[in-house]
Amino acid sequence: MAVLSAIFRLAGGALLANKLRSGLTFTGIVFGVTSVMTIMSFLEGAIGAIEKAFESMGPSTFMVSKMMSAFSEEEFLEKIRRKPIDLRTADVIEQDCQLCDKISPRLFDQARISYGDQSLRRIMVMGAAANFIDIVDMEVAQGRFHSSEDDLYRRNVVFIGDLIRETFFEGVDPLGKQIRIGPKKYTVIGVAKKRGTLFGESQDDYAVIPLSAHTRQFGVPHRRGTFLTIKAVSVEQLEEAMDEVRLILRTYRKVPPSEPDDFDMETAESILERLNQFTLMFRMVSVGISGISLVIGGIVVMNIMMVSVTERTREIGIRKSVGAKQRHILLQFLFESIMLTLSGGALGVGLGFVIAKILASQADVDIDPSALAISAGLIVSTGIGLIFGIYPAMKAARLDPIKALGYE
Amino acid sequence: MPLIETDNLWKTYAMGSERIHALRSVSMAIEKGEYVAIMGPSGSGKSTLMNLIGCLDTPTKGEYWLNDKRVREMNDNELANIRNREIGFVFQVFNLLPRASALHNVELPLIYNGTPKGEREKMARMALERVELGDRMSHKPSELSGGQRQRVAVARALVNSPSLILADEPTGNLDSKTSEEIMKLFDHLHREGNTIITVTHEATVARHAKRVLSILDGRIASDEAIPEEQRNGVH
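In the order they appear, the protein sequences are chains A and B. Numbering-wise, the numbering used here comes out as the position in the first sequence, counting from 1, plus 1091. Numbering-wise, the numbering used here comes out as the position in the second sequence, counting from 1, plus 34.
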């Protein structure tokens, strides 16, 4: 142990004695690790933000529609031709599905919303059954969501997202006020809790009205069809419930046994999984490209260590003549390269995180330091010191003491 | 049992297709406490012999025992161990670490045998005091005179209490006055009971020893004791 700590101190001393050289190597590693960490932290933050957006969908809930997602043009073109899911489907599933707890059909349209002389264009207007609020984790900030009575009597009531409240009713109580959706008047009965932005897009620019009011205003669901949000009786029976619904839907939609489903079923988890798969290549490539700078940093380390070994040949000879073993010399040079890359790596991890945080804040994503990214950064930079330092260190360790002593 | 014993020692180098015999069948013995000079012109093989005796190299053929240890078949690590424990080197060009203080230079051998820091420093101080450099411990080699540098090197050779002090042209880079100073230091160390071998081509240096081995063309040409009245430095 006394030997190790002494050699460790020797390595540190050698680095300090060669400030310019150590500084250059250190900088190379800092750049490399910073670029990788920036990309990694940013990507991780972005994925995390998307995951968070899906959290409102509970773990026992799944969604059915003719198209939930499309990650390629072919997929999109195939799915867009499918027969829309009609409103009656919800009743059919309600009747036949044993493992379904709640079924909530929804319809979507875009419309202009106005209040007085202010207006917002292209706002998503969702027609939903009253039980939607029970299935999805949508929090009410003020007032209430519509009831099944509102739906039954086709009342013109609206539950608004926070962006609409902010635009029309800043400093004013919105409840009871009348807004227009398209030409029709609706009474505001509730405001949703603010969800904030994701990648610069507001997530609060929507309005929810009773399903019956929606069909009256926007007509029978067209191409897009109905979205069904279904809650299984328990998390454990989610898959069984999905199988049940699949069977009911195939029968109802008369899909021949040889054909694949003509509808999509997704849980929050499966959507995220597909998103992860879809972005995997992109993420790997971007980390890979930034990784090149790490390799360059490693080559800088190796280059500098080679120069250092050559310059210090006599020193190595002296050490060997007084009894330094190969492993002592090897360790001294390895400690030097690892100290450089690890300290450069630590600074790079910090800098990378700060840069990623600044970048992400431009896209309204907040990122937290991730233990995975930090430990990966430190392990990788240590590894670089080891991998690119081992060859020069071995070269030093294997020097013939006689030749090394005679070296000028 | 002598401290050093060689039997039919050969060292052969391959230079292209030619084979160069730097040492040819060297057999000799040196007892503990002896003061021996190895003399010979350049190219005689005396440096090769010194490298073998100093365990910096292994012979091509023949046997070498140092302090009862058979050196011939030792690996790198074992040779390093022997150099660390049994041998103290003093070189012509001092071979001190230029950036390290005198104290750190003297500590060096102790680092590699795991002596704890505190003890290391204590031993190095004592060794520096023995060569009368107690007031120069924190000086770097560049801040010391040639003679002082060589005394630091002697202190480094002594610090581990080796069984053998091996000096290669220890005065080759010093003026005659300083040379005399260093040689007196060796005489003193000899009187204290240390075994000393100096490799030199200077007769004045060799005459400090009690016995001279002359090497010529890789062989021992003569092995003579120096009569007391011809010796330098005893008067």
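The beta carbon of each residue, even a glycine, is placed where N, CA and C say it ideally should be.
Chain A contact for residue i (CB, 8 Å cutoff)
i, result
"B/Arg190", "yes"
"B/Asn228", "no"
"B/Phe220", "no"
"B/Ile145", "yes"
"B/Trp44", "no"
"B/Ala136", "no"
"B/Leu223", "no"
"B/His269", "Here B/His269 scores only 48 on pLDDT, less than 50, and its place in the model should not be relied on; the value that follows carries that caveat. No, B/His269 lies away from the interface with chain A (no Cβ there is under 8 Å from its Cβ)."
"B/Gly180", "no"
"B/Lys151", "yes"
"B/Leu83", "no"
"B/Arg265", "no"
"B/Gly77", "no"
"B/Leu90", "yes"
"B/Asn129", "yes"
"B/Gly27", "The structure shown does not extend to residue 27 of chain B, since chain B is modelled only from 35 through 269, so no value can be given for it."
"B/Asn115", "yes"
"B/Asn207", "no"
"B/Leu162", "no"
"B/Arg159", "no"
"B/Leu142", "yes"
"B/Arg241", "no"
"B/Arg58", "no"
"B/Arg183", "no"
"B/Arg170", "no"
Alpha-carbon spacing of residue i relative to residue j, whole angstroms
i, j, result
"B/Gly67", "B/Asn228", "5 Å"
"B/His55", "B/Arg154", "42 Å"
"A/Asp1177", "A/Val1155", "12 Å"
"A/Glu1257", "A/Asp1334", "43 Å"
"A/Glu1331", "A/Glu1185", "15 Å"
"B/Leu192", "A/Gly1435", "41 Å"
"B/Leu113", "A/Ile1465", "44 Å"
"A/Leu1243", "A/Thr1129", "53 Å"
"A/Leu1115", "A/Ser1399", "13 Å"
"A/Glu1327", "A/Thr1358", "13 Å"
"A/Met1356", "A/Ile1446", "38 Å"
"B/Ala255", "B/Gly79", "12 Å"
"A/Ala1304", "A/Phe1369", "38 Å"
"B/Met275", "B/Glu97", "Outside the displayed range of chain B (35 to 269) lies residue 275 of chain B, so it cannot be described from this structure."
"A/Pro1492", "A/Ile1407", "8 Å"
"A/Gly1207", "A/Lys1193", "38 Å"
"A/Met1215", "A/Gly1316", "15 Å"
"B/Lys45", "A/Ser1472", "46 Å"
"B/Met84", "B/Pro204", "13 Å"
"B/Glu215", "B/Val233", "17 Å"
"A/Gly1439", "A/Asn1394", "20 Å"
"B/Leu219", "B/Val165", "8 Å"
"B/Asn42", "B/Arg58", "8 Å"
"B/Ile38", "A/Lys1110", "46 Å"
"A/Lys1322", "A/Ile1339", "16 Å"
"A/Ile1383", "A/Met1131", "14 Å"
The ligand ZN heavy atom lying under 7 Å from the CB of residue i
i, result
"A/Val1124", "Although the ligand ZN was asked about, the structure shown includes no ligands whatsoever."
Closer than 8 Å to chain B by CB, residue i
i, result
"A/Val1094", "yes"
"A/Ile1493", "yes"
"A/Glu1142", "no"
"A/Glu1360", "no"
"A/Glu1406", "yes"
"A/Leu1496", "yes"
Nearest-angstrom Cβ-Cβ length linking residue i and residue j, presumed shorter than 8 Å
i, j, result
"A/Ala1484", "A/Leu1421", "5 Å"
"A/Thr1432", "A/Gly1476", "3 Å"
"A/Arg1271", "A/Ile1204", "7 Å"
"B/Gly74", "B/Ile249", "4 Å"
"A/Phe1426", "A/Ala1102", "4 Å"
"B/Val70", "B/Arg245", "5 Å"
"A/Gln1209", "A/Phe1259", "6 Å"
CB contact check: residue i to chain C, cutoff 8 Å
i, result
"A/Leu1469", "Given the protein chain composition of this structure (A and B), no chain C is represented."
Residues in the segment 1410-1425 of chain A having any Cβ partner in chain B nearer than 9 Å: Arg1410, Lys1411, Ser1412, Val1413, Gly1414, Ala1415, Lys1416, Gln1417, Arg1418, His1419
Do the segment 1115-1133 of chain A and the segment 1290-1297 of chain A make contact, defined as three or more Cβ pairs closer than 8 Å? no
Against chain B: residues of the segment 1097-1119 of chain A by CB proximity under 7 Å: Ala1097, Ala1108
Stretch-stretch touch, CB-based, cutoff 8 Å, three pairs: the segment 1407-1423 of chain A with the segment 1450-1459 of chain A: no
At least three beta-carbon pairs within less than 8 Å, the segment 169-183 of chain B to the segment 132-152 of chain B: yes
Please determine if the segment 87-96 of chain B and the segment 142-158 of chain B are in contact, where contact requires at least 3 C-beta pairs separated by less than 8 Å. no
The segment 113-133 of chain B contacting the segment 199-215 of chain B, beta-carbon criterion three pairs below 8 Å: yes
Using Cβ-Cβ distances below 8 Å, what residues of the segment 92-112 of chain B are close to chain A? Asp110, Asn111
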